[in-house]
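Q: Please read through the structure below; I'll follow up with questions.
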Amino acid sequence: MMVVLLVLPLLSALFMLLWPRIAPLLALLTASVCSLVALQLLLLVSQQGSQQVLLAGWPSGLAISLEANSLSSLLILLTALLQLLVGLYAFATHRRDKLGAGFWPLSGMLQLGLTALWLSRDLFNLYVCLELLGIVAVALVSLSGDKAIKPALNYLLLSLFGSLCYLLGVAILYGAYGVLDITVLASQWQADLLSSTALLLMTLGLMLKAALWPLHGWLPAAHAAAPAPVSALLSALVVKGPLFILCLLWLQLAGATQVAAVAPWFAGCGLAALLLGGVSALRTPFAKNMVAYSTVAQLGYAMLALGLLLRFNQPLFAAALWLFVLAHALAKATCFLAVGEITATLGGKRISTLKGASQTMPLAMFAFAVAGGSLIGLPPSGGFLAKWALLQGLWLQGGQLFWLLVIVLATLLSAAYVFRAVVLAFNRADPVAPDFAPRILPQWLALLPALAVWAMALYSEPLLQLLKQEGL
Amino acid sequence: MTDLSPQLLLYIVTAGGLFGIGLYGFIVGPQTLRRILALNIIGAGIFMLMVVLAYRGLADDASLPSTDPVLHALILTGLVVAVSATAFALALLARLNQAKAAQCSQDQLRHKQGPGQ
Numbered sequence: 013m014m015v016v017l018l019v020l021p022l023l024s025a026l027f028m029l030l031w032p033r034i035a036p037l038l039a040l041l042t043a044s045v046c047s048l049v050a051l052q053l054l055l056l057v058s059q060q061g062s063q064q065v066l067l068a069g070w071p072s073g074l075a076i077s078l079e080a081n082s083l084s085s086l087l088i089l090l091t092a093l094l095q096l097l098v099g100l101y102a103f104a105t106h107r108r109d110k111l112g113a114g115f116w117p118l119s120g121m122l123q124l125g126l127t128a129l130w131l132s133r134d135l136f137n138l139y140v141c142l143e144l145l146g147i148v149a150v151a152l153v154s155l156s157g158d159k160a161i162k163p164a165l166n167y168l169l170l171s172l173f174g175s176l177c178y179l180l181g182v183a184i185l186y187g188a189y190g191v192l193d194i195t196v197l198a199s200q201w202q203a204d205l206l207s208s209t210a211l212l213l214m215t216l217g218l219m220l221k222a223a224l225w226p227l228h229g230w231l232p233a234a235h236a237a238a239p240a241p242v243s244a245l246l247s248a249l250v251v252k253g254p255l256f257i258l259c260l261l262w263l264q265l266a267g268a269t270q271v272a273a274v275a276p277w278f279a280g281c282g283l284a285a286l287l288l289g290g291v292s293a294l295r296t297p298f299a300k301n302m303v304a305y306s307t308v309a310q311l312g313y314a315m316l317a318l319g320l321l322l323r324f325n326q327p328l329f330a331a332a333l334w335l336f337v338l339a340h341a342l343a344k345a346t347c348f349l350a351v352g353e354i355t356a357t358l359g360g361k362r363i364s365t366l367k368g369a370s371q372t373m374p375l376a377m378f379a380f381a382v383a384g385g386s387l388i389g390l391p392p393s394g395g396f397l398a399k400w401a402l403l404q405g406l407w408l409q410g411g412q413l414f415w416l417l418v419i420v421l422a423t424l425l426s427a428a429y430v431f432r433a434v435v436l437a438f439n440r441a442d443p444v445a446p447d448f449a450p451r452i453l454p455q456w457l458a459l460l461p462a463l464a465v466w467a468m469a470l471y472s473e474p475l476l477q478l479l480k481q482e483g484l
Numbered sequence: 064m065t066d067l068s069p070q071l072l073l074y075i076v077t078a079g080g081l082f083g084i085g086l087y088g089f090i091v092g093p094q095t096l097r098r099i100l101a102l103n104i105i106g107a108g109i110f111m112l113m114v115v116l117a118y119r120g121l122a123d124d125a126s127l128p129s130t131d132p133v134l135h136a137l138i139l140t141g142l143v144v145a146v147s148a149t150a151f152a153l154a155l156l157a158r159l160n161q162a163k164a165a166q167c168s169q170d171q172l173r174h175k176q177g178p179g180q
């Protein structure tokens with residue numbers, strides 16, 4: 013089943029290159045089949061526990077091993093569903109937005125890279141997945157033409173540098189222990205200087221690739237320059253890949269002293285990302301940049317949750333971490349699609365373009381506001397669920413007033429930048445006239461993930477249980 | 064960690080030096096082409112380190128002919144990734160320069176036609 017999830021996107025991407033004419037059809041078909049298979053995998057894993065496959069029957073250690081626990085199958089399902097949705101949006105708008113034919117095979121490769129990443133538990137396989145993901149993401153950014161080349165090139169260079177740092181760490185670890193599998197490595201782990209250096213190098217590379225503060229500088233330019241469907245995929249999924257590996261490293265490999273040393277730094281970085289990313293989102297004059305900076309800020313929550321999880325080892329923080337990832341993926345997909353649709357129809361890049369959008373494009377604006385509600389953490393939404401888990405964990409620890417205050421401040425900041433857009437949209441005195449009649453279908457498609465993120469609150473109990481157990 | 068002979072240590076230090084040179088070039092280098100080359104030098108340093116690590120534990124026992132094959136496989140994979148990434152970066156750089164040249168010639172044209180046109 014896991015092999016199907018990997019082979020299908022790869023094959024379909026290759027066939028799309030052969031027959032570009034039916035590429036959208038193939039892409040949508042692949043994404044829907046993969047969603048079904050991923051759902052089946054999730055059900056299987058939740059019944060029978062985690063599954064492992066050794067490719068081509070090689071013995072363990074030589075073979076490429078794939079392992080699916082409930083968290084990875086949940087992430088695979090999310091990836092496949094978002095691919096399907098973004099594919100539909102891209103198909104609905106590809107004539108108007110002049111999306112290059114390269115989008116379809118590249119999105120297939122993106123799905124392959126992400127699925128392989130969620131399934132790998134081997135340091136070198138993870139490196140290959142990271143590289144694949146990085147190159148495909150850059151190629152997707154460069155689809156929007158000459159303006160995007162410069163940010164894309166910058167993104168590529170930094171991403172390659174990040175991967176090389178990671179690779180150096182892998183080489184050092186392999187030199188010291190002679191194994192690459194994470195579980196085997198964890199059993200032989202010694203918290204000495206060599207392993208600390210390797211971990212630090214890998215962490216640096218991964219933080220650069222995941223755009224975690226203070227290494228986030230490339231993200232707003234790259235995500236804002238990309239076409240709307242691409243930005244949605246990048247912000248929702250691609251930055252989560254390196255974050256996943258980071259969690260694997262620190263939760264499964266690192267020794268207790270190393271964890272204790274690094275936890276405050278992670279929490280501090282998360283805090284700075286929340287505050288500074290929020291302020292940047294509040295100040296930028298461009299609509300897509302605002303959403304991109306909000307990604308930087310929201311990744312701060314995940315980082316903060318990771319830091320607190322390492323510090324206190326409380327399962328609620330693990331749940332908070334992955335709930336943030338899920339809720340942010342859905343909400344950010346909606347934000348980018350809705351803002352892309354509004355700016356394309358109203359013809360402008362600035363936030364002031366949104367003026368009167370509640371009148372001219374009510375559906376897209378509603379989608380943005382609903383997703384913004386989840387970003388702020390208004391109940392009942394996925395974002396609220398995640399924040400509640402985080403606050404509850406802090407409360408149970410006791411005496412963490414500082415962090416509680418910080419989270420309140422960050423919430424206020426995110427509310428400020430979301431309302432900055434929403435307030436403009438309700439300014440009906442002098443609305444920006446649309447360049448052409450707004451289309452209904454793309455707006456509905458943009459609304460779907462926002463509805464899903466609010467529906468997350470309805471299934472909060474099983475989700476919380478699942479993520480508390482499987483905090484990796 | 065197995066012990067390394069002085070020869071291997073020399074290679075490791077060289078690999079570290081290559082990494083350092085690349086890092087310096089990547090951070091300081093003002094031109095994009097230089098930064099791409101610097102990334103390749105970093106890559107060369109890491110691959111050299113991996114080649115050397117494949118010989119670890121064999122220094123005192125010369126009767127063992129083979130080295131660690133897993134590392135060789137990793138280096139080959141890494142080389143393929145590095146080559147394709149470099150090619151992609153160079154292609155992007157060429158596109159960027161083309162776009163800049165086109166922009167320049169357009170500007171010149173507008174300049175020649177004079178204002179008000």
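For the protein sequence lines, the chains are B and L, in the order given. If you read the first sequence in the working numbering, its first letter stands for residue 13, the second for the next number, and so on. If you read the second sequence in the working numbering, its first letter stands for residue 64, the second for the next number, and so on. Positions of the beta carbon are idealized from the N, C-alpha and C atoms, including for glycine. If you're wondering where the values come from, they're calculated on a predicted model, not measured in any experiment.
Given this structure, state the Cα-to-Cα distance separating residue 130 of chain B from residue 81 of chain L, to the nearest angstrom.
A: Taking the straight line from one Cα to the other gives about 33 Å.
Q: Do you know how far the Cα of residue 242 of chain B is from the Cα of residue 146 of chain L?
A: 25 Å
Q: Go through the segment 170-239 of chain B residue by residue and report every complete run of the beta strand (DSSP E) that reaches 3 residues or more, in order.
A: none
Q: Listing by chain order, which chain L residues have their CB less than 7 Å from the CB of residue 187 of chain B?
A: 116, 119
Q: Rounded to the nearest angstrom, what separates residue 382 of chain B and residue 345 of chain B at their Cα positions?
A: 12 Å
Q: Buried or exposed, going by whether 16 or more other CB atoms sit within 10 Å of the CB of residue 473 of chain B?
A: exposed
Q: Is it true that the CB of residue 101 of chain B sits closer than 7 Å to the CB of residue 338 of chain B?
A: no
Q: If I follow the unbroken beta strand (DSSP E) through residue 147 of chain L, where does it start and stop?
A: Careful: residue 147 of chain L lies outside any beta strand (DSSP E), inside the alpha helix (DSSP H) at 132-176.
Q: Using the C-alpha atoms, what's the distance from residue 390 of chain B back to residue 350 of chain B?
A: 19 Å
Q: Are any of the Cβ atoms in chain B nearer than 7 Å to that of residue 98 of chain L?
A: Chain B contact via Cβ: present.
Q: What does residue 140 of chain B touch in chain L if you count any residue whose Cβ is under 8 Å from its own?
A: 140, 144
Q: My parser needs the beta strand (DSSP E) runs of 3 or more residues fully inside the segment 355-441 of chain B; what are they?
A: Taking only runs of at least 3 residues, no beta strand (DSSP E) segment lies wholly in the segment 355-441 of chain B.
Q: Anything in the segment 158-183 of chain B with a Cβ closer than 7 Å to a Cβ of chain L? List those residues in chain order, please.
A: For the segment 158-183 of chain B, which is checked against every Cβ of chain L, the residues closer than 7 Å are 158, 161, 162, 164, 165, 168, 169, 172, 173, 176, 179, 180, 183.
Q: Are the C-beta of residue 298 of chain B and some C-beta of chain L separated by less than 7 Å?
A: no
Q: Could you tell me if residue 334 of chain B is buried or exposed, where buried requires 16 or more neighbouring beta carbons within 10 angstroms of its beta carbon?
A: buried
Q: Express the C-alpha separation of residue 358 of chain B and residue 367 of chain B in angstroms, rounding to a whole number.
A: 10 Å
Q: Considering only the alpha carbon of each residue, which of B:267, B:224, B:370 lies closest to residue 313 of chain B?
A: B:224
Q: Got a sec: is the Cβ-Cβ distance from residue 78 of chain L to anything in chain B below 7 Å?
A: Taking a beta-carbon distance threshold of 7 Å, residue 78 of chain L does not count as an interface residue toward chain B.
Q: Which chain B residues sit within Cβ distance under 7 Å of residue 105 of chain L?
A: Correct list: 176.
Q: Which chain L residues sit within Cβ distance under 7 Å of residue 419 of chain B?
A: Under the 7 Å cutoff, chain L gives no residues; its nearest Cβ is about 35 Å from residue 419 of chain B.
Q: Quick one: which residues of the segment 153-178 of chain L get their C-beta closer than 7 Å to a C-beta of chain D? List them in chain order.
A: Protein chains in the displayed structure are B and L, and chain D is not among them.
Q: Could you list which residues in chain L have their beta carbon closer than 7 Å to that of residue 154 of chain B, in chain order?
A: 155
Q: For residue 214 of chain B versus residue 181 of chain B, is the C-beta spacing smaller than 7 Å?
A: Yes.
Q: Using a cut-off of 9 Å between C-beta atoms, extract the partners of residue 34 of chain B located in chain L.
A: Under the 9 Å cutoff, chain L gives no residues; its nearest Cβ is about 26 Å from residue 34 of chain B.
Q: Bridge partners of residue 65 of chain B, per DSSP?
A: B:78
Q: Counting only beta-carbon atoms, is residue 90 of chain L nearer than 7 Å to chain B?
A: Contact with chain B is absent for residue 90 of chain L, since none of that chain's Cβ atoms lies less than 7 Å from the residue's Cβ.
Q: Do you know offhand how far residue 455 of chain B's Cα is from residue 192 of chain B's?
A: 46 Å
Q: Can you tell me where the alpha helix (DSSP H) with residue 69 of chain L in it begins and where it stops?
A: 69-91
Q: To the nearest angstrom, report how far apart residue 438 of chain B and residue 445 of chain B are at their CA atoms.
A: Those two C-alpha atoms are separated by around 14 Å.
Q: Assuming residue 169 of chain B and residue 162 of chain L make a contact with CB atoms under 8 Å, what is their CB distance in whole Å?
A: Actually they are not in contact, since the Cβ atoms of residue 169 of chain B and residue 162 of chain L sit about 17 Å apart, beyond 8 Å.
Q: For residue 298 of chain B, which beta-bridge partners are listed by DSSP?
A: B:362
Q: Which chain B residues are close to residue 95 of chain L, counting only those with a beta carbon under 7 Å from its beta carbon?
A: 165
Q: Buried or exposed, going by whether 16 or more other CB atoms sit within 10 Å of the CB of residue 34 of chain B?
A: exposed
Q: Could you tell me the alpha carbon to alpha carbon distance between residue 88 of chain B and residue 470 of chain B, rounded to whole angstroms?
A: 21 Å
Q: What residues from chain B crowd round residue 109 of chain L, counting only those whose CB sits closer than 7 Å?
A: 176, 179, 180, 183
Q: Among B:410, B:401, B:142, B:412, whose alpha-carbon lies nearest the alpha-carbon of residue 477 of chain B?
A: B:401
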